[in-house]
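One structure is given below, encoded as structure tokens.
Residue numbers (the numbering used here): 67 to 603.
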């Protein structure tokens with residue numbers, strides 16, 4: 067509100083603001099002007115009364131008269147006081163059209179969309195892109211979206227087939243070995259026990275009898291060789307003596323002598339060898355045999371202990387190994403099925419007709435950029451990273467994020483209009499379908515059905531727009547600025563009427579309606595044209 071400050075009197079006979087003496091014509095005009103101002107000033111309380119006194123005194127006395135001068139002098143303190151007083155800010159209740167509207171910017175989402183992507187069950191290595199469809203292409207059901215070089219996958223399947231064949235034979239061998247092992251276990255234990263017993267008995271017999279007998283046998287054989295040589299020598303001596311007395315020796319007798327001499331020579335050699343053999347046997351072979359028998363007995367005992375301790379465990383180990391082999395085969399068969407399923411999914415085809423979008427929609431945002439960065443022929447890419455969405459362009463919805471403070475504006479079936487950001491002259495009708503009333507980061511999701519008039523521009527998923535829905539309208543509403551409405555200690559909504567005729571500001575309870583655009587509708591308490599304070603007194 068514009069505030070007018072009164073101008074100080076410049077003195078008797080002086081035109082205010084000029085410093086020049088006033089003439090009668092000027093005084094008359096001045097009095098007429100001031101008389102009009104007094105009527106306006108009379109409504110402004112004490113300040114107005116002070117100014118009014120000054121005006122009346124000025125108008126009633128000629129310029130330069132003692133009465134005028136004294137009146138001005140008397141009014142001067144009041145004027146100074148009025149000038150120093152702080153003005154009160156007020157606002158006026160207005161009457162007119164009042165609307166409450168919900169406005170929001172949002173995105174157009176597909177209503178009918180199918181996400182298409184490789185979901186490999188087993189294969190995890192990147193494959194090279196051979197052919198890929200561009201973003202935004204219209205397709206029919208069965209059209210190829212992306213084709214990959216599957217050579218690595220085919221090779222892995224072939225290698226696994228060979229491994230499966232080998233594993234099958236290994237498993238069959240293990241199955242057949244297990245019952246044999248189970249049957250052999252008690253036999254092998256009994257055999258080990260017998261071997262231990264034999265080794266123990268052999269050692270005991272050798273120590274008790276065998277060693278002494280062996281040594282005696284060696285010595286006796288040496289003695290036999292000595293005696294044999296002795297007999298042969300004696301026989302040769304007697305033959306030579308007998309044949310020496312004869313002048314002639316018959317041929318038979320000569321042969322007997324030769325044989326006897328050879329027997330002596332052979333006996334000497336056998337005696338020499340028997341001596342060496344006896345010495346070797348007594349010093350080396352017999353001690354070695356004793357040590358060997360002792361080692362064999364000790365090993366047999368240890369083997370028996372080992373067999374008793376581990377035979378059952380070894381058998382159970384074979385059973386578990388067989389189970390593991392069977393599970394490994396099941397896993398290998400599953401892996402083969404998964405790889406074959408991964409291979410059967412190539413090339414990736416469109417399951418329906420529509421427009422192809424790279425990526426998929428998540429929380430109102432598309433992951434198009436992430437997929438587009440990898441969608442290049444010749445580039446290796448993990449199968450799971452290639453995601454496409456085939457949408458029906460004929461069916462879209464408008465999705466907005468609503469501030470929590472605007473939740474009260476969302477009513478089921480709320481209707482309005484939406485303008486396309488890319489086509490300012492194109493619009494369609496929207497109707498609220500759903501809203502998630504649980505906020506996240508101070509906002510909730512709202513979804514509107516979209517209806518485009520015949521021949522109008524049809525929005526596509528991913529486009530943006532601005533929606534406006536009229537929530538409330540009244541052509542003759544009385545409103546005040548929100549800042550002029552307060553709450554008292556009882557929680558009631560009140561306004562403050564300004565001071566009047568020296569009286570204090572008046573508190574008045576009001577009943578309010580809706581608020582929009584910084585103004586609040588007043589249903590009861592004041593009427594259009596009423597002036598209220600814009601601040602508390």
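All C-beta atoms, glycine included, are put in the ideal place defined by N, C-alpha and C. Note that the coordinates shown come from a computational prediction; the quantities given were computed from them, not determined experimentally.
{"Asked": "C-alpha gap between residue 413 and residue 502, whole angstroms", "Found": "39 Å"}
{"Asked": "Euclidean distance between Cα positions of residue 454 and residue 199", "Found": "10 Å"}
{"Asked": "Residue 183 classed as buried or exposed, judged by whether at least 16 other C-beta atoms fall within 10 angstroms", "Found": "buried"}
{"Asked": "Exposure label - residue 273; buried when at least 16 CB within 10 Å", "Found": "exposed"}
{"Asked": "Bridge-paired residues (DSSP) for residue 469", "Found": "509"}
{"Asked": "Minimum C-alpha distance to residue 221 - residue among 160, 238 and 193", "Found": "193"}
{"Asked": "Closest Cα partner of residue 204 within the set 375, 584 and 526", "Found": "526"}
{"Asked": "Residue 297 burial status per 10 Å Cβ neighbour count (16 or more: buried)", "Found": "exposed"}
{"Asked": "Nonlocal neighbours in the same chain, by C-beta distance under 6 Å from residue 169, ignoring five residues either side", "Found": "534"}
{"Asked": "Through-space distance from residue 479 to residue 532, alpha-carbon basis", "Found": "18 Å"}
{"Asked": "Where residue 93 falls: helix, strand or coil (DSSP)", "Found": "Its pLDDT being 43, under 50, residue 93 is placed unreliably in this model, and the coordinates cannot settle the point."}
{"Asked": "Secondary structure, beta strand (DSSP E): runs of 3+ residues fully inside the stretch 476 to 501", "Found": "481 to 486 and 489 to 501"}
{"Asked": "Residue range of the unbroken beta strand (DSSP E) whose run includes residue 539", "Found": "530 to 547"}
{"Asked": "Residue 379 to residue 289 span [Cα, whole Å]", "Found": "58 Å"}
{"Asked": "Cβ neighbour criterion (16 or more within 10 Å) applied to residue 186", "Found": "buried"}
{"Asked": "Beta-carbon gap between residue 509 and residue 467 smaller than 8 Å", "Found": "yes"}
{"Asked": "Contacts around residue 517, its chain only, beta-carbon distance under 7 Å, and the 5 residues preceding and following it disregarded", "Found": "494 and 495"}
{"Asked": "Secondary structure of residue 310, DSSP reduced to three states", "Found": "helix"}
{"Asked": "Close-in-space but distant-in-sequence residues of the same chain around residue 140 (CB under 7 Å, 5 per side omitted)", "Found": "Summary for residue 140: the model assigns pLDDT 43, below 50, so the residue's position carries little reliability; its value from the coordinates is reported in the next sentence. If we look at residue 140 and ignore the five residues flanking it on each side, it has no Cβ neighbours."}
{"Asked": "Element boundaries [beta strand (DSSP E), containing residue 577]", "Found": "577 to 582"}
{"Asked": "Residue 507 versus residue 580 - alpha carbon distance", "Found": "26 Å"}
{"Asked": "CB of residue 451 within 8 Å of CB of residue 188, strictly", "Found": "no"}
{"Asked": "Bridge partners - residue 562, DSSP secondary structure assignment", "Found": "573"}
{"Asked": "Helix, strand or coil at residue 586 according to DSSP, with G and I counted as helix", "Found": "strand"}
{"Asked": "Selected residue, minimal CA-CA separation from residue 456, among 444, 434, 440 and 476", "Found": "434"}
{"Asked": "8 Å Cβ cutoff met for residue 177 and residue 462", "Found": "yes"}
{"Asked": "Alpha-carbon to alpha-carbon, residue 173 and residue 423", "Found": "15 Å"}
{"Asked": "Residue 342 in three-state terms, based on DSSP", "Found": "helix"}
{"Asked": "CB of residue 498 within 8 Å of CB of residue 537, strictly", "Found": "no"}
{"Asked": "Anticipated Cβ contact below 8 Å, residue 602 with residue 552, distance rounded", "Found": "6 Å"}
{"Asked": "Distance between beta carbons of residue 459 and residue 421, contact taken as under 8 Å", "Found": "5 Å"}
{"Asked": "Buried or exposed (CB count within 10 angstroms, at least 16 for buried), residue 427", "Found": "buried"}
{"Asked": "CB of residue 549 within 8 Å of CB of residue 600, strictly", "Found": "yes"}
{"Asked": "Residue 521, buried or exposed, once every other Cβ within 10 Å from all chains shown has been counted against 16", "Found": "exposed"}
{"Asked": "Where residue 631 sits in the DSSP three-state scheme", "Found": "The chain is shown only over 67 to 603; residue 631 falls outside these bounds and no answer can be derived."}
{"Asked": "Run of the alpha helix (DSSP H) containing residue 383, from where it starts to where it stops", "Found": "352 to 410"}
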